[in-house]
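Chemist: Provided herewith is a single structure, encoded as structure tokens, for subsequent inquiry.
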Amino acid sequence: MAPGIFEIEGQDYWTDPFKFSSRVLRKFLPEGRYGLFLDAPAEADLARSERIPLLALYAATQQELRVYDPWSAGHLVAVRLEDRTLDLTPLFAPPEQPGLFDQDPPPSEPPGPGALAIVEQTDALRLDSLQQPGHYLLTALMLDRTSNRVQVHVTRPTAGYQDEEVARFLEALRQQPPPPEPVRYAPGEDERPFQARPGSPPPPEAPGIAVHGERVFLYEPGRPAWIRGTFQVPVLAHERVPHRPEQGDDDGYGEPRPVAIVPVSLVVIGSRTGEAEVMSLRVPCFQDAPLEEGSLVTGHFEYDLFQHPAFTGKAQTNFVYAFCGEAMSGPTRMAVVTRDMLELGGHRKQGTGTTLPRLR
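Per the numbering used here, the very first residue in the sequence shown carries number 275; after that it's consecutive.
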């Protein structure tokens, strides 16, 4: 595998992570290359190390730094490919001494034409999920900006005596994973939120996920803020729903019976605070033909953003990201405006009604 952005390999991630930093930095600001870039070892053996170094390079103009601050608005997302689970934490750990790096209020004068490039190191094991062996995709999110994605294979070999029969027994169990738990609908609900709707985006032509939300809308109490998505991904073995039993009691999957139940994670970041929330969905997928492991399955979902108290009725732009294993989409922008933002009284133009302020 080719070296990452810091041009290092192997044990240098642990022993000399900034070996070539000065050389790397010279390739960014003079060439006008701005953005947030991650680098991490391709392999991490937890039996040999208690941390997984994650390196970051951030290059930005002074104008961007006033909005895109990776310390206050950066988030690190890890997706485990074996089961599509998602974990999220602040991109950088807070300082040990509170207030040590608190920033002064932004100056009133406009920013200068300059730019800044910095390098930083953190421990990816701050994400609890990485304690479990597996293949992980790491991504940094910062409002509507994303980093590159890096993959880390985490292992934890068993020390001491190895019983080959036990290893074969466990591998056989892994080849026959238990079926997914049925999706339990709330009273009065059915499978309709998981079928194609008028506002659902079409399935991606290649494996992936697509999300649609209303771009700008006026908040009214009781009004939903629908996020609708469609994915097409290779199904994992443990996501397939077993064939209908020929006899006996209903096994809980309902009618129509799904062929698979696939997890999808929505990460929503609000522009007011830069804080992120995760909504975990289990999406039943419906089709006539049975599925083999690895074949493509299509699913649809919808979620009302205002179900979450962090976003209900708040005037801000929301950045919606969707993750389903390797598939990722976003940001999808959904801006909410409220009636107190309308121009009223003497500011209202005659004959034109109310006018919404311009949004970025």
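All residues carry an ideal CB built from backbone N, CA and C; glycine is no exception.
Is the region 541–555 in contact with the region 444–464, if contact means three or more CB pairs nearer than 8 Å?
Modeler: no
Chemist: If you draw a straight line from the C-alpha of Glu324 to the C-alpha of Leu339, how long is it?
Modeler: Mapped onto the sequence shown, residue 324 falls at position 50. Mapped onto the sequence shown, residue 339 falls at position 65. The alpha-carbon atoms of Glu324 and Leu339 are separated by roughly 33 Å.
Chemist: Taking only the alpha-carbon atoms, compute the straight-line gap between Val298 and Ile279 and give it to the nearest angstrom.
Modeler: Residue numbering aside, residue 298 sits at position 24 when the sequence shown is read from its first letter. Residue numbering aside, residue 279 sits at position 5 when the sequence shown is read from its first letter. Val298 and Ile279 have their C-alpha atoms roughly 8 Å apart.
Chemist: Under 7 Å between C-beta atoms, does Arg502 make it to chain C?
Modeler: Absent here is chain C; the protein component of the structure consists of one chain.
Chemist: Tell me which same chain residues have a C-beta within less than 6 Å of the C-beta of Pro475, skipping the five on either side of it?
Modeler: Stepping through the sequence shown from its first residue, residue 475 is reached at position 201. The answer, listed in chain order, is Ala484, His486 and Thr504.
Chemist: Name the two residues that bound the continuous beta strand (DSSP E) containing Pro537.
Modeler: Working through the sequence shown from its first residue, we reach residue 537 at position 263. Pro537 -> beta strand (DSSP E) spans Ala534 to Gly544.
Chemist: What is the DSSP secondary structure of Thr566, reduced to helix, strand or coil?
Modeler: Here residue 566 corresponds to residue number 292 of the sequence shown, with the count starting at 1. A quick correction: the sequence has Glu, not Thr, at residue 566. Collapsing the DSSP output to three states places Glu566 in coil.
Chemist: Between which two residues does the alpha helix (DSSP H) containing Arg442 stretch?
Modeler: Taking the sequence shown and counting its residues from 1, the one referred to as residue 442 is at position 168. Looking at the DSSP string, the run of the alpha helix (DSSP H) that includes Arg442 is Glu438 to Gln449.
Chemist: Which whole-angstrom value describes the C-beta separation of Val507 and Val594, a residue pair presumed to lie in contact below a C-beta threshold of 8 Å?
Modeler: As a first step, residue 507 is located in the sequence shown; it is residue number 233 there, counting from the start. As a first step, residue 594 is located in the sequence shown; it is residue number 320 there, counting from the start. That pair is no contact at about 18 Å.
Chemist: Report the partner residues of Tyr577 according to the DSSP bridge assignment.
Modeler: Residue numbering aside, residue 577 sits at position 303 when the sequence shown is read from its first letter. DSSP lists Ile501 as partners of Tyr577.
Chemist: For my contact list, Leu312 and Leu328 are in at a C-beta cut-off of 8 Å; report their separation, rounded to the angstrom.
Modeler: Indexing the sequence shown from 1 puts residue 312 at position 38. Indexing the sequence shown from 1 puts residue 328 at position 54. So it is a contact: roughly 7 Å between Cβ atoms.
Chemist: Is any non-hydrogen atom of the ligand NAD found closer than 6 Å to the C-beta of Val485, if you look at the structure I gave you?
Modeler: Among the ligands in the structure shown, none appear at all, so the ligand NAD cannot be discussed.
Chemist: CB-CB under 6 Å to Trp345, same chain, minus the five flanking residues each way: which ones, in chain order?
Modeler: Translated into positions along the sequence shown, residue 345 becomes position 71. Cβ within range, chain order: Phe366.
Chemist: From Phe375 to Glu281, what does the alpha carbon distance come to, in whole angstroms?
Modeler: Mapped onto the sequence shown, residue 375 falls at position 101. Mapped onto the sequence shown, residue 281 falls at position 7. Confidence in Phe375 is poor, its pLDDT being 46 and thus under 50, which makes the residue's placement unreliable; the coordinate value appears in the next sentence. Approximately 29 Å between the Cα atoms of the pair.
Chemist: Rounded to whole angstroms, what is the Cα-Cα separation between Thr429 and Leu492?
Modeler: As a working mapping, residue 429 is identified with position 155 in the sequence shown. As a working mapping, residue 492 is identified with position 218 in the sequence shown. The alpha-carbon atoms of Thr429 and Leu492 are separated by roughly 49 Å.
Chemist: For a quick check, are the C-beta atoms of Phe560 and Pro516 less than 7 Å apart?
Modeler: Counted from its first residue, the sequence shown places residue 560 at position 286. Counted from its first residue, the sequence shown places residue 516 at position 242. No, the Cβ-Cβ distance between Phe560 and Pro516 is not below 7 Å.
Chemist: With a CB to CB cut of under 6 Å and the five nearest residues on each side skipped, what residues in its chain are close to Pro467?
Modeler: Numbered from 1 along the sequence shown, position 193 holds the residue referred to as residue 467. Within the same chain, Pro467 has close Cβ partners Glu576.
Chemist: So, with DSSP's three-state summary, where would you put Val426?
Modeler: Reading the sequence shown from its first residue, position 152 is the one you call residue 426. Looking at Val426 - three-state DSSP - the assignment turns out to be strand.
Chemist: Which value, in whole angstroms, describes the spacing of the CA atoms of Gly620 and Val611?
Modeler: For the purposes of this step, residue 620 is taken as the residue at position 346 of the sequence shown. For the purposes of this step, residue 611 is taken as the residue at position 337 of the sequence shown. The predicted position of Gly620 is uncertain, since its pLDDT is 44 and thus under 50; no value can be drawn from it.
Chemist: Do you know offhand how far Pro407's Cα is from Val353's?
Modeler: Residue 407 sits at position 133 when you count from the first residue of the sequence shown. Residue 353 sits at position 79 when you count from the first residue of the sequence shown. Taking the straight line joining both Cα atoms gives about 12 Å.
Chemist: Closest by CA to Ser545, which one among Ser603, Asn592 and Pro583?
Modeler: The count along the sequence shown starts at 1 and reaches residue 545 at position 271. Comparing Cα-Cα distances from Ser545 to each of Ser603, Asn592 and Pro583, the minimum goes to Asn592.
Chemist: Could you name the residues that DSSP lists as bridge partners for Leu365?
Modeler: Along the sequence shown, read from residue 1 onward, the residue named residue 365 stands at position 91. According to DSSP, Leu365 bridges with nothing at all.
Chemist: Output yes or no for whether 7 Å exceeds the beta carbon distance between Val330 and Glu394.
Modeler: For this step, residue 330 is matched to residue 56 along the sequence shown. For this step, residue 394 is matched to residue 120 along the sequence shown. It should be pointed out that residue 330 corresponds to Ala in this sequence rather than to Val. Result yes, Cβ atoms of Ala330 and Glu394 sit closer than 7 Å.
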